[in-house]
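Numbering (the working numbering), first residue to last: 1003 to 1265. In this text, a Cβ means the ideal position worked out from N, Cα and C, and glycines have one as well.
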């Protein structure tokens, strides 16, 4: 029986890159001990049926929460008053900055928090492409353009990283209505952004000749790695989730990896 002075625990659990099979054993055991288990699938794409299969493994119901309920925090933190609870997050739980506020909310309520890490795109993508992790600069995100929201800041990040010879990992947007962004969609937005910057800043620089990797479903059986110049990427059978890497100054071993992936 739980001591009345013992605080309940909120577990932030990383799902890993693909589905329930990527969960570490430590996380599976922790989930089995939880009274309430929540999950979110808006920070990244989760393979279909993953949470249903996980329910069979742990013998517990997994409640998928929309963004507003996760960011609102109340449902998750209130559950901790009744017993140990968990939030399952795609990838590594603290890779998405949106979950930092949940951490702070738990501390204010004096709820113990345990973070159970898992594989993340930030560590997996460089390795899958044959690049060195420490040669990456700031990460960029290419988002869907919407009415009155057409950001171009990812171009500045790519340019800043290029100046210091660093690679740029570009995450692609995941939208509940439009779905995960495909590489061809991201490149289309990138080209529109370049055109706008050229007009506004009188900047004619182009990324078309840059060396890139396009990697999709990393860690899945269907993993695909494409390498080439940006100008040469053609829309094909595209899997999601995907990322794009703009290569900086490559070590000779990185260059060899890029050349092996040329298609």
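Distances from the CA of residue 1244 to each of 1181, 1258, 1255 and 1250 were compared; the closest alpha carbon is that of 1181. According to the DSSP assignment, residue 1213 belongs to the beta strand (DSSP E) that extends over 1213-1218. Inter-segment contact for the region 1207-1220 and the region 1129-1138 is present: three or more beta-carbon pairs are separated by less than 8 Å.
The residues 1122 and 1124, in chain order, have a CB closer than 7 Å to that of residue 1097 in the same chain once the five nearest residues on each side in sequence are set aside. Spatial neighbours of residue 1205 in its own chain (CB-CB distance under 7 Å, excluding positions within 5 residues in sequence) are listed in chain order as 1199. With respect to the 9 Å criterion, residue 1248 and residue 1160 are classified as neighbours on the basis of their beta carbons.
Your pair residue 1060 and residue 1033 checks out as a contact, with CB atoms roughly 5 Å apart and the cut at 8 Å. Per the Cβ contact rule, the region 1099-1118 is in contact with the region 1076-1086 (3 or more Cβ pairs under 8 Å). The C-beta distance from residue 1118 to residue 1028 rounds to 6 Å, short enough to fall under 8 Å. Ranking 1201, 1260, 1202 and 1196 by CA distance to the CA of residue 1210 puts 1196 first. Per DSSP, the continuous beta strand (DSSP E) segment holding residue 1065 begins and ends at 1064-1066. For residue 1172, the enclosing beta strand (DSSP E) stretches over residues 1170-1174. Residue 1118 is bridged by DSSP to 1015.
When only Cα atoms are considered, residue 1139 and residue 1236 end up about 26 Å apart.
Excluding sequence positions up to five before and after residue 1063, its CB lies within less than 8 Å of the CB of 1039 and 1057, all in the same chain and listed in chain order. If you ignore the 5 residues before and after residue 1256, its C-beta comes within less than 7 Å of the C-beta of 1132, 1133 and 1134, all in its own chain and listed in chain order. In terms of Cα proximity to residue 1151, the closest of 1191, 1112 and 1015 is 1191. In the three-state scheme derived from DSSP, where H, G and I count as helix and E and B as strand, residue 1087 is classed as strand. Annotation for residue 1230: 1213, 1214, 1264 and 1265 place their beta carbon closer than 8 Å to its own, counting only its chain and skipping 5 residues before and after.
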